[in-house]
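These notes are about the structure you will find just below.
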Amino acid sequence: MKNIVRFWLALTFCIGLSGQELLAQEADTLKKYQDPVVAADTLKKYQDSVTAPSAKAPFFKSKAFKATIIPTILIAYGLTTIKDNGIYSSYDAKRDIQKHFPNFRTKVDDVLLVMPYVELAAANLFNVKSNNDFLNTSILILKAEAIFGITVFGIKQVSDLERPNGENRESMPSGHTAQAFLAASILNSELKHKSPWYGIGAYTIASSVGAFRMLNNKHWQSDVFVGAGIGMLSSHLAYLSHRNRWGRKPTIVMSPAYIYGVPGFSLTMNLDDYRNRKKGSSFYTGE
C-alpha cells in the first residue's frame, strides 16, 4: 500500500510541478496583439540599441524549452520504469495494485478523458472568456489531436508491448492518459488567466484517468507516464505551430472588376495587416 501511495504522490508531484512551472511561464496572450508603446525619445531608443545590444536569452528561457521540459521529464521517467526497470518498476506497481485491488473494475476513465473539454465548453457557455476565440481554439484542438493520434498509435505499433492483462500488444503508451492530459493542457492554456483552479482541476482529472487505467489492469505504470507526457507535448506543439490568428481581415483580396467595358479582376493588398501579422507571428505564450 505504501508503494501505491508513493506512486500516486510521484504522479501528483509531477503534475504539480507542471502546474507551477507552466504558471510561471504563462504570459498574457492579449498583450501580444496590443499596439506597441511608442517611445518618447526615438533617437535615444536607436542609440541604446547600437551602444548596448540585447544579449541573447539563455536556452532554458526559450519557448521551445519551456514547452518541452515537463513532457520530457514525464516521458523519460516512464521509459525508465518499463517492465522491471527503475527504482519502482512497472512490475512493482502492478504487483502492489493487484495485491490491494484485485477485483477493481470501472469504466469511468472512458468518460473522464474528455471532461476537460466539457469544462472548457461549460466555461465558454457561462461567458468565461478564454485566451482565444472559438475558431482559433478549435483549430488548436484539431492540430493537437492530430499530433496526438499520429504519435500514440505510431508508438503503439512500434513498441509492441503487451498489456498487463494480456489483451493485446498495444500497451505503450496509454492513449486514454494521453488524451486526458492533452485536453487538460488545452483547458489550462485557455483559462489559466482567469483562475489557476481550472488547470488544477483538469490535471487532477487527467491524473485520475491514468490511475484508473492501471487499476483496471489495462496499462503499465510506464504507459501512463509516457502517455501523460505525449498528451501535454501534443498540446504545446499545437500552440507553438499556431503562428497566426485566424479570422483576421485577409492581407490580399481579389474581386471582379469591370473597367472601360472590359471585365477582369482587381487585386488589393493590405500592407498594414501584413506587417501586423509579421510582428505577432509567435503565438505560443507558454502554458
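Under my numbering, residues 88 to 374 are what the sequence shown spells out, in order.
Beta carbons are placed, not taken as given, at the ideal position from N, Cα and C, and that holds for glycine.
Residue i in three-state terms, based on DSSP
i	result
Ile228	helix
Arg300	helix
His323	helix
Ala290	Strictly speaking, residue 290 in this sequence is Tyr, with Ala absent from that position. In the structure shown, Tyr290 sits in a helix (DSSP, three-state: H, G or I).
Val311	helix
Asn211	helix
Glu376	For residue 376 there is no data in the structure shown, the boundaries of the chain being 88 and 374.
Asp220	coil
Ala144	coil
Lys305	coil
Arg192	coil
Arg256	coil
Lys281	coil
His329	coil
Contact check, residue i vs residue j, beta carbons under 7 Å
i	j	result
Ile234	Leu166	no
Leu274	Pro203	yes
Ser322	Ser272	yes
Lys279	Glu257	no
Leu269	Ala231	yes
Lys170	Val215	no
Thr193	Ile317	no
Leu200	Ala267	yes
Leu227	His329	yes
Leu327	Ala154	yes
Glu277	Ser217	yes
Asp310	Met259	yes
Lys148	Pro251	no
Residue span of the alpha helix (DSSP H) that contains residue i, given as start and end
i	result
Ala154	Lys150 to Thr167
Val195	Val195 to Leu199
Met275	In the sequence as displayed, the identity of residue 275 is Asn instead of Met. Asn275 -> alpha helix (DSSP H) spans Gly262 to Leu278.
Leu248	No alpha helix (DSSP H) contains Leu248, which DSSP labels as neither H nor E.
Ile174	Taken as a continuous stretch (DSSP letters only), Ile174 belongs to no alpha helix (DSSP H), as it is neither H nor E.
Proximity test, Cβ basis, 7 Å: residue i and chain C
i	result
Gln308	Absence of chain C from the displayed structure is noted, only one protein chain being present.
Near the ligand ADP: residue i beta-carbon under 6 Å from a heavy atom
i	result
Gly241	Inclusion of the ligand ADP in the displayed structure is not the case, the ligand content being empty and no account of it being possible.
Counting beta carbon pairs with one atom in the region 154-172 and one in the region 284-298, are three or more of them shorter than 8 Å?
no
Is it the case that the region 295-313 contacts the region 213-229, given that we only count it when at least three CB pairs across the two stretches are under 8 Å?
Counting Cβ pairs under 8 Å, fewer than three are found: no touch.
With three or more C-beta pairs closer than 8 Å as the rule, is the region 256-270 touching the region 306-313?
yes
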